[in-house]
Each structure stands twice: as structure tokens, then as C-alpha cells.
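The structure appears below as C-alpha cells.
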Amino acid sequence: MILNENVERKIIPIAGGKGGVGKSVIAVNLALSMSMFGKKTVLVDLDLGGSNLHTLLGLRNTNPGMGNFVSGRKYSVNELLCPTDWDNLYFIPGDVLVYGIGEISKSVKARIVKGLLDIDADYIIVDLGGGTNFTVVDFFLISNSGLIVTTPQTTSIMNAYSFLKNYVFRFLQRAFASDKKISAYLKKVLKERRPGEQKTVSDMIEDISGINPDAGEKAEAYLEVLQPKLILNKMYGAEDVSLAEGLRDLCARNLSISIECLGTVMNEKIVNRSINLQRPFILDNEENIVSEEIHRISQKIIQSSNFPEMPLELDYYSDSFELAHIEMENDLAALQGSTESEEDSDEYEVDKLLELIRIQQSKIQELQGTLRILSMNN
Numbered sequence: 002m003i004l005n006e007n008v009e010r011k012i013i014p015i016a017g018g019k020g021g022v023g024k025s026v027i028a029v030n031l032a033l034s035m036s037m038f039g040k041k042t043v044l045v046d047l048d049l050g051g052s053n054l055h056t057l058l059g060l061r062n063t064n065p066g067m068g069n070f071v072s073g074r075k076y077s078v079n080e081l082l083c084p085t086d087w088d089n090l091y092f093i094p095g096d097v098l099v100y101g102i103g104e105i106s107k108s109v110k111a112r113i114v115k116g117l118l119d120i121d122a123d124y125i126i127v128d129l130g131g132g133t134n135f136t137v138v139d140f141f142l143i144s145n146s147g148l149i150v151t152t153p154q155t156t157s158i159m160n161a162y163s164f165l166k167n168y169v170f171r172f173l174q175r176a177f178a179s180d181k182k183i184s185a186y187l188k189k190v191l192k193e194r195r196p197g198e199q200k201t202v203s204d205m206i207e208d209i210s211g212i213n214p215d216a217g218e219k220a221e222a223y224l225e226v227l228q229p230k231l232i233l234n235k236m237y238g239a240e241d242v243s244l245a246e247g248l249r250d251l252c253a254r255n256l257s258i259s260i261e262c263l264g265t266v267m268n269e270k271i272v273n274r275s276i277n278l279q280r281p282f283i284l285d286n287e288e289n290i291v292s293e294e295i296h297r298i299s300q301k302i303i304q305s306s307n308f309p310e311m312p313l314e315l316d317y318y319s320d321s322f323e324l325a326h327i328e329m330e331n332d333l334a335a336l337q338g339s340t341e342s343e344e345d346s347d348e349y350e351v352d353k354l355l356e357l358i359r360i361q362q363s364k365i366q367e368l369q370g371t372l373r374i375l376s377m378n379n
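Using our numbering, you'd call the opening residue of the sequence shown number 2 and step up by one each time.
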């Protein structure tokens, strides 16, 4: 695993617990934002079986990509780099030109990681597949500071939690792969997992300490390395952040990891329009609220010289989730102010704001139910 705070070349995998959360759209626009700030950025499509970044970028699918790399040794990762129409941004396609790629072997995964490490760039943004399977999790474990995109819906939050459970468990499996007794214990835990009866990671560490006290201390130290970040996408209101706070608390209690919120992105029509136009929204609408939100997220990463460390002004807010709440309130106020200035669309904007209020009220009611479900499925 690459510890991003210790290297100049930051590798940032992006995952989602399920499809449809907007993970790839976030990856494309975040990479473009970084390139706009003068950072040499490489966008890698590792969503094998569902590669679509070339479409979102408006690029023709004519170049070899990761599918060619996985299916043979003809190309190195560096040979797959494609220039784009935008300064500082390079692209490595996925597997659209190669059919039938199945499970990726451990040796091929190692080759991919080595290839990514050989890329000369400031930031390498890696778009992973949806879901929570171990192939996706293994690539998320390339570095200690991957980004998880989720939305303020019950199913999305639950899938993000499932992903993080697999992430922590897989990390422990790999960390103790050479210890036969602990590996056997972890396999037993995996085999015996039942809904509502699963051990917390704290319980597992206690069991590991019973097998080997030194290993228990190592497990606690290893987990401190993990610093995944959340991006809350398709947001309607500041209250939606409360769902993510529930996820944060559950991860701390059951998984013994700390997660932080990197930022929020509102649910705006311009995003779907950009997908249909096959042109990232950040290129033409830099003053739009969602473009500003993406730039804000990229600046948090760029301005942190030791990312994933997050220098927070805790005199003004308690943590990254409260900051996200404040940012969301400010974004809503800015959006309301901009709509009020458009006299020709007053009636439409009032209806839009009323709909926004209705959705927010619904989200508040959904929150308690979501947290109850999460607690029952820990």
C-alpha cells in the first residue's frame, strides 16, 4: 500500500459501494479541475467490464487501454497514456476494446500497481468499478487515501458501509497473510459471518491479541494508516450530511477506522446534461455551483501537502462533516441568491425551491430509519 502522505506522486482511487452514485462523473471532473490548477494529472479507467470514461470525456475509443494490459504483456502502463485536449490531463482507457476479462490474478494486480507507480504525474486518479467485491477493494487498497462516492439514499449509504467493511477486512487479511494462525482465524471469521452477528473489528483485534499479543498491537497500528475520504454526491440539502455522519459513527464503532468528508456536490440538472453532451460540466460552467464544489474538493487535496492529512480550522467547526454542512448551507444560499436575480424565471425557481424543501423534509424523516437499518446490519 502506498502511503500518500509520504510520496510526491499521489495515487487516488475512487470507488462507490454501488453503481449509479456518479463516481465516474466525479472522477472525470475532479481530474480536470486538478489539471486546471496546473497539476499534471493522469485519469485511469480501471472500471473493467464497465469502462466509460472515454465517453464522459467525449473521446473516441480508438486507443489500447487497461484491458490490453491485463490480457497480455504487449504494453506497459506508460505506453497506454493518451494526451487529451486539455493541458496537464492525460488518460488511460479501460477495457472497451477487449472482451471477456474475468477475475484478475494477484500477479496481474501487482503489475498494474507497479505500472501506476511508474507514471510521472502529480496526481493519478483511478476510477474503479462499482460494487464491493475483493477485486475492486484490492485496487482501492493501492493507496491509503481512496475516495468513496456516495449519495444521500439509504441503499447508497448501506452499500458504502458494506464496501468499507470489506475494505478493512481485506486489509487485515493482506497485512497478516504470512501469519498462518491469524490468517486461519480471519478465514474462519469470514466464513462464519451472519447478518446481525458479525464481530466488530475491535472484537477481532482482541481475538488476534489472544493468538499473538504483538500482532494485536500491530493490527491497531495498521488500521491508523487507513484514511478513506467521502464525497457526498447528488445532494439536496445540508441535512443530507447527517446520513454521512451516521456512517462515520458506525465505522468508528464497528470498523475502528476514521473517515472524513472531503466535500459535497449538489444534484443539478447540468450534470446529466453534460453526460448527454459527452463534455464534462466543469469545462463550460466554472461558475456553476457544482463546478465550484468540484474545484473546492480538488483544492483541499492540492493544498494539503501531506494528503490525506486534512488541515482543518477547528476554531470554526468541529470536524470535516460539520464543515461539509456549512459548505452545503452556503451553496444553497448562493443558489437561492442566483435564482432570485433571474426575474424571468421567478415562478420556476419558487417551485424548484419548494421541491427542494419537500425533499429535505423527506430526507430528515428517512435519516432515522437509515441509521436504524445500518445499526441492524453492522
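Heads up, the beta-carbon is just placed ideally off N, CA and C, and yes, glycines get one too.
Closer than 8 Å to a non-hydrogen atom of the ligand MN - does that hold for the CB of residue i?
{"i": "residue 75", "result": "Summarising the ligand content, the structure contains no ligands, and the ligand MN is consequently not present."}
Beta carbon of residue i, beta carbon of residue j: below 9 Å?
{"i": "residue 336", "j": "residue 290", "result": "yes"}
{"i": "residue 223", "j": "residue 173", "result": "yes"}
{"i": "residue 131", "j": "residue 48", "result": "yes"}
{"i": "residue 121", "j": "residue 78", "result": "no"}
{"i": "residue 70", "j": "residue 10", "result": "no"}
{"i": "residue 332", "j": "residue 288", "result": "no"}
{"i": "residue 66", "j": "residue 81", "result": "yes"}
{"i": "residue 298", "j": "residue 31", "result": "yes"}
{"i": "residue 264", "j": "residue 328", "result": "yes"}
{"i": "residue 52", "j": "residue 68", "result": "yes"}
{"i": "residue 312", "j": "residue 261", "result": "no"}
{"i": "residue 13", "j": "residue 147", "result": "yes"}
{"i": "residue 199", "j": "residue 56", "result": "no"}
{"i": "residue 191", "j": "residue 252", "result": "no"}
{"i": "residue 229", "j": "residue 168", "result": "yes"}
{"i": "residue 15", "j": "residue 144", "result": "no"}
{"i": "residue 142", "j": "residue 175", "result": "yes"}
{"i": "residue 105", "j": "residue 266", "result": "no"}
{"i": "residue 303", "j": "residue 38", "result": "yes"}
{"i": "residue 248", "j": "residue 158", "result": "yes"}
Could you spell out the range, first to last residue, of the beta strand (DSSP E) harbouring residue i?
{"i": "residue 124", "result": "124-131"}
{"i": "residue 265", "result": "261-267"}
{"i": "residue 91", "result": "90-93"}
{"i": "residue 151", "result": "148-151"}
{"i": "residue 43", "result": "42-47"}
Mind reading off the beta-carbon distance from residue i to residue j? Whole number of angstroms is fine, and I expect it under 8 Å.
{"i": "residue 18", "j": "residue 163", "result": "6 Å"}
{"i": "residue 127", "j": "residue 22", "result": "At roughly 16 Å, the Cβ-Cβ gap does not stay under 8 Å, so residue 127 and residue 22 are not in contact."}
{"i": "residue 235", "j": "residue 268", "result": "4 Å"}
{"i": "residue 245", "j": "residue 227", "result": "That belief does not hold up - the Cβ atoms of residue 245 and residue 227 are roughly 17 Å apart, past 8 Å."}
{"i": "residue 296", "j": "residue 34", "result": "5 Å"}
{"i": "residue 186", "j": "residue 209", "result": "7 Å"}
{"i": "residue 36", "j": "residue 87", "result": "6 Å"}
{"i": "residue 212", "j": "residue 182", "result": "5 Å"}
{"i": "residue 6", "j": "residue 307", "result": "4 Å"}
{"i": "residue 241", "j": "residue 153", "result": "4 Å"}
Please list the terminal residues of the continuous alpha helix (DSSP H) segment that includes residue i.
{"i": "residue 8", "result": "Where residue 8 is concerned, there is no enclosing alpha helix (DSSP H), given that its DSSP letter is neither H nor E."}
{"i": "residue 236", "result": "First-last for residue 236: 230-236, but that is the beta strand (DSSP E), not the alpha helix (DSSP H)."}
{"i": "residue 97", "result": "Run containing residue 97: none; DSSP gives neither H nor E here."}
{"i": "residue 313", "result": "Premise fails: residue 313 is in no alpha helix (DSSP H) and is neither H nor E."}
{"i": "residue 204", "result": "202-212"}
{"i": "residue 111", "result": "107-118"}
{"i": "residue 304", "result": "290-304"}
{"i": "residue 37", "result": "24-37"}
{"i": "residue 401", "result": "Outside the modelled stretch of the chain, which goes from 2 to 379, sits residue 401, for which no answer is possible."}
{"i": "residue 175", "result": "155-176"}
{"i": "residue 285", "result": "282-285"}
{"i": "residue 86", "result": "Unbroken run through residue 86: none, as it is neither H nor E."}
{"i": "residue 270", "result": "270-278"}
{"i": "residue 69", "result": "67-72"}
{"i": "residue 188", "result": "181-192"}
{"i": "residue 245", "result": "242-251"}
{"i": "residue 57", "result": "54-58"}
Is the region 130-147 touching the region 208-218, taking contact as three or more C-beta pairs under 8 Å? no
Between the region 114-127 and the region 32-42, do three or more beta carbon pairs fall short of 8 Å? yes
Indicate whether the contact test is met: 3 or more Cβ pairs, each with one atom in the region 85-100 and one in the region 59-71, closer than 8 Å. yes
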